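Working notes for the structure below.
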Amino acid sequence: MSGIWIVIVSYNGMQWLSECLESTRPYSVIIVDNNSTDGTQEYIKETHPEIILLEQKKNLGFGKANNIGISWALKQGADYVFLLNQDAYLQPITLKRLIRVHENNPNFGILSPIHLNGAGTLLDENFSKYYVSYDSNPRFYADYILNNNRKEIYEVPFINAAAWLISKQCLETVGGFDPMFYHYGEDENFCQRVHFFNFKVGVVTDVFFHHDRENRDKMKIKRGSDKYFENFEKIIKVRYGNINEKIDEKLKQEIRSKKIEYIKSFIKLNFTEAKYYNKKYLMLLKTSPILKMSRKFNKEPGLKYLDIGGKNL
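Take the position in the sequence shown, starting the count at 1, then add 440; the result is the number in the working numbering.
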């Protein structure tokens, strides 16, 4: 079988780690730990000494930590890197099947199995709601329900990075995750760049993995809160970092609109709304040069954001 390394980013994930790591046998595994405080590092060292554990001194976020693991895997000569969430579990044939499918379809940069819930009894909610929705691929559900000939791969614009098989050729062309993202949004941006370089993203229909996340509380984000603006920053970076689209005028228009809303609110003495729109306006101004640099850099092929023994950019 082609050389493959599994890369897992861990952060205080002890509740999932045992089942996750057991599901990765017999493959080579790299764990990049984001400074966990729940005994994750000690558990890995004691129970899985064969795993490469790369301990970080602080939480680097999802993308930067994965870049470290991907770089390590490529240095070992990996033909494929498989990104697996710490709260996810593989089925025994999943990786072997994904690689076989990719060998027959090398134009796909990313392949992912069907996403199930933790128990494996239902589709993962986000998978069914967003990633294989009618807008993403109108054939997916239709072929299942109407008993049409089911395709081996269904092409989608995006699927989250909980279980990605990425080819070496794709990584050498697209690079790693853009470090302007801390947590969330980096996988959407990566898929945009995959498409820019004429690779495809696909779901393989006869293999599965379990994503054990449905029992977590869903936090309601209050308008104007710190979390709200973190999410707003992610949205503008995903939207305007998309190198498949021309965004200069759209970004200028959004900056102008937020400035106008700020002024209107201030004139009306609605200082709460004025503060809200001013914060959005300033965030757009601050992010605009970052987006410009990111877009220019990401349009160039190469091992961007990865450290491969002198080949890093």
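Every residue, glycine too, gets a C-beta built ideally from N, C-alpha and C. Being a predicted model, the structure only gives us computed values, none of them experimental.
{"query": "Contained alpha helix (DSSP H) runs [length at least 4] in the region 488–564, N- to C-terminal order", "result": "502–515, 534–544"}
{"query": "Glu628 burial status per 10 Å Cβ neighbour count (16 or more: buried)", "result": "buried"}
{"query": "Member of Ile599, Phe637, Glu694, Phe621 whose CA lies at the smallest distance from the CA of Val614", "result": "Phe637"}
{"query": "With 16 other Cβ atoms within 10 Å as the buried cut-off, status of Asp646", "result": "exposed"}
{"query": "Ala603 in three-state terms, based on DSSP", "result": "strand"}
{"query": "Beta-bridge partners of Val643, as assigned by DSSP", "result": "Ser552, Tyr594"}
{"query": "The alpha helix (DSSP H) enclosing Val614, as first and last residue numbers", "result": "608–614"}
{"query": "Alpha-carbon to alpha-carbon, Ser552 and Gly616", "result": "17 Å"}
{"query": "Element boundaries [alpha helix (DSSP H), containing Ile683]", "result": "Ile683 -> no alpha helix (DSSP H), and no H or E assigned at all."}
{"query": "First and last residue of the uninterrupted alpha helix (DSSP H) at Asp583", "result": "579–585"}
{"query": "CA-to-CA distance, Tyr745 to Asn506, given in whole angstroms", "result": "10 Å"}
{"query": "Proximal residues to Glu459 (C-beta, below 7 Å), its chain only, five neighbours per side dropped", "result": "Tyr529"}
{"query": "Assigned exposure category for Gln455 - 16 Cβ within 10 Å defines buried", "result": "exposed"}
{"query": "Inter-stretch contact (C-beta, 8 Å, three-pair minimum) for the region 595–612 and the region 510–521", "result": "yes"}
{"query": "Phe621, DSSP secondary structure in three states", "result": "coil"}
{"query": "Start and end residues, beta strand (DSSP E) containing Val572", "result": "Note, Val572: premise wrong, no beta strand (DSSP E); not H, not E."}
{"query": "Three-state secondary structure (DSSP) of Phe637", "result": "coil"}
{"query": "Local conformation of Ser665 per DSSP, three classes", "result": "coil"}
{"query": "Exposure label - Gln632; buried when at least 16 CB within 10 Å", "result": "buried"}
{"query": "Ser463 - DSSP class collapsed to helix/strand/coil", "result": "coil"}
{"query": "The region 560–573 touching the region 540–549, judged by at least three CB pairs closer than 8 Å", "result": "no"}
{"query": "As assigned by DSSP and simplified to three states, the class of Asp627", "result": "helix"}
{"query": "Rounded separation between Met441 and Asn452 - CA only", "result": "Below a pLDDT of 50, predicted positions are generally treated as unreliable, and Met441, at 44, falls in that range; the measurement from the model is reported next regardless. Their backbone Cα atoms lie some 33 Å apart in a straight line."}
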